[in-house]
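Here's the structure, in structure tokens; my notes come after.
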Amino acid sequence: MRAKVLGFIAASLDGYIATKEHSLAWLFRNEGKEDNGYEEFYKTVDKVVMGRKTYEWIIGEMKDNFPYKDKDCYVFTSQYPAPAENVTFIQESPPVFIRSLLQQEGNIWVVGGGSILKPLLENRLIDEIEISITPVLIGEGIRLFQEGNYEEDLELINIRKFDDFVSLKYRFKHESTG
Numbered sequence: 001m002r003a004k005v006l007g008f009i010a011a012s013l014d015g016y017i018a019t020k021e022h023s024l025a026w027l028f029r030n031e032g033k034e035d036n037g038y039e040e041f042y043k044t045v046d047k048v049v050m051g052r053k054t055y056e057w058i059i060g061e062m063k064d065n066f067p068y069k070d071k072d073c074y075v076f077t078s079q080y081p082a083p084a085e086n087v088t089f090i091q092e093s094p095p096v097f098i099r100s101l102l103q104q105e106g107n108i109w110v111v112g113g114g115s116i117l118k119p120l121l122e123n124r125l126i127d128e129i130e131i132s133i134t135p136v137l138i139g140e141g142i143r144l145f146q147e148g149n150y151e152e153d154l155e156l157i158n159i160r161k162f163d164d165f166v167s168l169k170y171r172f173k174h175e176s177t178g
């Protein structure tokens, strides 16, 4: 079976993944009693990709407890960071690198959104996305989907409720949109 490129992310009801200060405090304030399907999803992926800002946030918050030690983890960056344990820094464009990963076995999780998600959407490389809608309004901040050159039809394949959260899972149809 072909590897898939997957998204799994929480967003506020008004479509933001972080405040304008890059804070996720709103998410942790509203975590709920369950993991919103995270563990189940995590077992389906073999590789994790993210941008430098997401990586730096994770390192800052988790300190010595990097959560993706058991996966192949790749971080896109235009800088030359110091070598780090458990990650490989990538300076290729996300679409080029993702296409190379798709030649291997194992599903790929795009962690976060924004600058990595946009070029993957523009190149029709995302296969499925699961969005946990968090019961909070932020008003402004970093949007889940940046403006871009993509128009895509999706198929709703699952809806689940976790406490006050709702999880929506979509499959991208990848058909010509004319």
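Take this note's numbering: the final residue in the sequence shown is number 178, and no numbers are missing along the way. Each residue gets a CB set at the ideal place from its N, CA and C atoms; glycine is no exception. Note that the structure is a prediction, hence the values are computed from the model and not measured.
Using alpha carbons as the reference points, say which of 2, 153, 134, 174 lies closest to residue 166. 134
Do residue 45 and residue 6 come within 8 Å of each other at the CB atom, strictly closer than that value? yes
At least three beta-carbon pairs within less than 8 Å, the segment 121 to 139 to the segment 8 to 16: yes
Output the residue ranges of the alpha helix (DSSP H) runs that lie fully inside the segment 86 to 117 and measure 4 residues or longer, sorted by chain position. 94 to 101
Between the beta-carbon of residue 48 and the beta-carbon of residue 76, is there less than 8 Å? no
Can you tell me where the alpha helix (DSSP H) holding residue 52 begins and where it ends? 52 to 62
Neighbour-count burial assignment, residue 113, 16 or more Cβ in a 10 Å radius: buried
Identify whether residue 25 lies in helix, strand or coil by the three-state DSSP scheme. helix
Please return the same chain residues whose Cβ sits closer than 6 Å to the Cβ of residue 178, not counting the five positions on each side in sequence. Low per-residue confidence applies at residue 178: pLDDT is 45, beneath 50, and the placement is therefore not dependable enough to give any value.
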